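Structure, as C-alpha cells:
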Amino acid sequence: MGNRPVEPNRVQRDARIAGLRDFQTPSLEAVERRRRQLWVRTASALAAVAVIAVALTTLPSGATPTGTNRALVVVLAIVGSFFLWAFHKQAALERLTRSLTDERVLTAALTNRLHEVSLLLDAGKRMSAHLELDQVLDSILRNACELLDATGGSVMLVEQTDLVTVCALGRDAAVDQRMRLGEGVAGYVALRREPVLIDGQVDPELFPGLVLRDPYVESSMSTPLVHRAELQGVLNVNAPIGRSFTEYDLRALSVFAEQASIAIANARLYEAERAHVAALLDLRKRREVG
Amino acid sequence: MGFKPRVLIAEDDPDTLVILRINLTAAGMETMLAGDGRTALARIEADRPDAVVLDVLLPGIDGWQVLEELHTKGNAVPVVMCSAKDNIYDLQRARELGAVAYLTKPFDIDRLVEVMTEVVGMRQAQTSEQAATDIEGIDLA
Chain Z
1 MGNRPVEPNR
11 VQRDARIAGL
21 RDFQTPSLEA
31 VERRRRQLWV
41 RTASALAAVA
51 VIAVALTTLP
61 SGATPTGTNR
71 ALVVVLAIVG
81 SFFLWAFHKQ
91 AALERLTRSL
101 TDERVLTAAL
111 TNRLHEVSLL
121 LDAGKRMSAH
131 LELDQVLDSI
141 LRNACELLDA
151 TGGSVMLVEQ
161 TDLVTVCALG
171 RDAAVDQRMR
181 LGEGVAGYVA
191 LRREPVLIDG
201 QVDPELFPGL
211 VLRDPYVESS
221 MSTPLVHRAE
231 LQGVLNVNAP
241 IGRSFTEYDL
251 RALSVFAEQA
261 SIAIANARLY
271 EAERAHVAAL
281 LDLRKRREVG
Chain R
1001 MGFKPRVLIA
1011 EDDPDTLVIL
1021 RINLTAAGME
1031 TMLAGDGRTA
1041 LARIEADRPD
1051 AVVLDVLLPG
1061 IDGWQVLEEL
1071 HTKGNAVPVV
1081 MCSAKDNIYD
1091 LQRARELGAV
1101 AYLTKPFDID
1111 RLVEVMTEVV
1121 GMRQAQTSEQ
1131 AATDIEGIDL
1141 A
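Order-wise, the sequence lines are chains Z and R. Under the working numbering, the first residue of the first sequence is numbered 1, with each subsequent residue one higher. Under the working numbering, the first residue of the second sequence is numbered 1001, with each subsequent residue one higher.
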C-alpha cells in the first residue's frame, strides 16, 4: 500500500508537533501566529546564547579554561538541541500550511460550485415563472446576461432552414434578422450543435457567411438550444468591452441553455395547448350556433 | 529518502480535485491544489511544483490564460492540460504554449498517473534544462 492519500490525522499530528494542541483543525492564521512565536523564541535563544558565550569568555581569572570549555560545550549542546527542536516544529508548520491551504482550496471550489448551481437554479426558476413564449425568451436573455455579466445578446429560433433573431438585448436592430443554418457563428453553432467561444478576431474561413458586427464584439459566446434532440435555436451573449469570456463561462452558458431549452419547449407546448383549446371552444361555439 | 515530486493540481471541480489528489499521492507524488487560475499562478510562483495538471475550465482566469501567462513569463514548469474538447485547434494551441501533454476528459485516471509519472521523471532528469519541451512518447491526442 502506498502513502495514505487523505490524512486528517496528519494535520492533527503536525499541529501537535508544532505546539498547536488546542486546535482540532488549526487555522492558517494560528499557524502563522505560531511561526512568528517560534521565530521570536529562536531569536531570544540566540541572544541568550550570545550573552552566555560572552560571559563565559570574560570569566574572572579564577575560573579554569577546562571548566570554561566544558560550559561552552554544554551551552553549544543546548543550542544545537534547541535548533533541532525549532527546525522540527518549523517543518511541521510548513506541512500544516500546505495542508490547510489545500483544504481552503477544496472548500473554495465546493463553495464556487454551490454558488454556480444556485445561480443556475435561480435563473431556471425565473425562466419557468413565465409561460408566454415572448416573456420566456426575454427572461432567458436577461438571465443569461445577468449570470455571465454580459452586456447584450440575442436569442435566435429555428424557422425551417433559417435562424431568426426573436429577442435581442443591446442591439434592437438585430431583431427579425435571418440567417441560414450554417452561416456565421450562430449558424455554425446550430448546425454542429456545439457551443462556441469567440475571443478576439474571428476566422472567416471557420465561419462561412460571417457578417462582422458594428461595433465589433471582442468576446462572445453562442450555444445551441436543444430540447430532446430537437434544435430550437441559438443563444448568443456578448462580453462588455475589456472583458473576455472564458471556457468556464462557456460551460455555464451551456448548462443554462439546457434549462432555457426546456423553458422554450414548455412555452411552445403551452401555446399549442392554448391554440388547441381555442380551436375546441370555437368548434363548440359553431356547433351551438349551428 | 528519495525524490518526492511536487505536483500542482489546478481544477475547479472539488470531486476531481480530491480524486486526482488521492491517485497522485498514491503514486508517490506530493500534491498541491488550486481551484482557480489565480491561485494556480500564485502557487506555481510560490511553491515551485515539478509539474502541473491544468484544467482548461477554471473560474476567473481559465487554463489557457494560465498557460499563456507561464509561457510569457518563461516559466518552464511542465504542464499537462486537461480539457473536455479534443479538437485539433486546442491541441495545437496547447503545444504552442508549451504544454507537454494534452488529455481529454473524461480521462482514464491510470493514464493520467502514467503521464504524470513520466513528466516528473523527465523533470527530475533535466532539472537544470528547459523542461517545457515536448515529451516524446506521450500521446498528445
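All C-beta atoms in this analysis are idealised placements derived from N, C-alpha and C, irrespective of residue type, glycine included. A quick note: this is a predicted structure, and the numbers were derived from the prediction, not measured.
I want to verify the contact list: residues of chain Z whose CB lies under 7 Å from the CB of residue i, in sequence order.
i, result
"R/Pro1059", "Asn112 and Tyr248"
"R/Ala1034", "Val105"
"R/Pro1014", "Leu106, Ala109, Leu110 and Arg113"
"R/Thr1182", "Residue 1182 of chain R is absent from the model: chain R starts at 1001 and stops at 1141."
So, for residue i: in the same chain, excluding its five sequence neighbours on each side, which residues have a beta-carbon less than 6 Å away from its beta-carbon?
i, result
"R/Met1029", "Pro1005 and Val1007"
"Z/Arg178", "Asp162 and Val164"
"Z/Pro240", "Thr151"
"Z/Ser296", "Limits of chain Z in this structure are 1 at one end and 290 at the other, which puts residue 296 of chain Z out of reach."
Please find out if some non-hydrogen atom of the ligand MG comes closer than 7 Å to the beta-carbon of residue i.
i, result
"R/Ala1046", "Judged by which ligands are present, the structure shown has none, so any question about the ligand MG falls away."
So residue i contacts chain R; which residues on that side make the cut at Cβ distance below 8 Å?
i, result
"Z/Arg13", "Per Cβ cutoff of 8 Å: no residues; Z/Arg13 is ~16 Å from chain R at best."
Leaving out the 5 sequence neighbours to the left and right, which residues in its chain are closer than 7 Å to residue i when beta-carbon positions are compared?
i, result
"R/Leu1020", "Ile1009, Glu1011 and Val1053"
"R/Asn1075", "Ile1044"
"R/Gly1060", "Asp1036, Gly1037 and Arg1038"
"Z/Leu147", "Leu119, Ala123, Ala252 and Phe256"
"R/Glu1069", "Leu1041"
Count the other CB atoms within 10 Å of the CB of residue i; is the residue buried (16 or more) or exposed (fewer)?
i, result
"Z/Gly209", "exposed"
"Z/Lys285", "exposed"
"Z/Glu29", "exposed"
"Z/Glu271", "exposed"
"Z/Gln232", "buried"
"Z/Gly80", "exposed"
"R/Glu1096", "exposed"
"Z/Gly19", "exposed"
"Z/Thr246", "buried"
"Z/Ile264", "buried"
Which residues in chain Z sit within 9 Å of residue i, going by Cβ to Cβ distance?
i, result
"R/Leu1020", "Chain Z residues near R/Leu1020: none, gap ~10 Å exceeds 9 Å."
"R/Asp1050", "What R/Asp1050 touches in chain Z: nothing, since even the nearest Cβ is about 15 Å away."
Since residue i meets chain R, which of its residues come closer than 7 Å, beta carbon to beta carbon?
i, result
"Z/Ala108", "Gly1035"
"Z/Asp102", "Met1032 and Leu1033"
I'd like the list of long-range same chain contacts for residue i, defined as Cβ closer than 8 Å, with 5 residues on each side in sequence excluded.
i, result
"R/Val1031", "In the sequence on display, residue 1031 of chain R carries Thr and not Val. Same-chain partners within the cutoff: Arg1006, Val1007, Leu1008, Ile1009, Leu1020, Arg1021, Leu1024 and Thr1025."
"Z/Gly170", "Thr151, Gly152, Gly153 and Asn238"
"R/Lys1105", "Cys1082, Ser1083 and Ala1084"
"Z/Arg180", "Thr161, Asp162, Leu163, Gly187 and Gly209"
Against residue i, what residues of chain R qualify as contacts under a CB-to-CB distance less than 9 Å, listed in chain order?
i, result
"Z/Arg98", "Glu1030, Met1032 and Asp1047"
Tell me, which residues are paired with residue i by DSSP?
i, result
"Z/Arg13", "According to DSSP, Z/Arg13 bridges with nothing at all."
"R/Met1081", "R/Leu1054 and R/Tyr1102"
"Z/Thr101", "Looking at the DSSP assignment, Z/Thr101 forms no beta bridge with any residue, so it has no partner."
Which residues in chain Z sit within 8 Å of residue i, going by Cβ to Cβ distance?
i, result
"R/Val1056", "Glu247"
"R/Leu1017", "Val105, Leu106 and Ala109"
Under 7 Å (Cβ pairs) to chain Z, residues found in the segment 1076–1093 of chain R: none
Cβ-based contacts, 8 Å cut-off: residues of the segment 242–275 of chain Z near chain R: Thr246, Glu247, Tyr248 and Arg251
Short-range partners of chain Z found in the segment 1095–1117 of chain R, where Cβ spacing is below 8 Å: none
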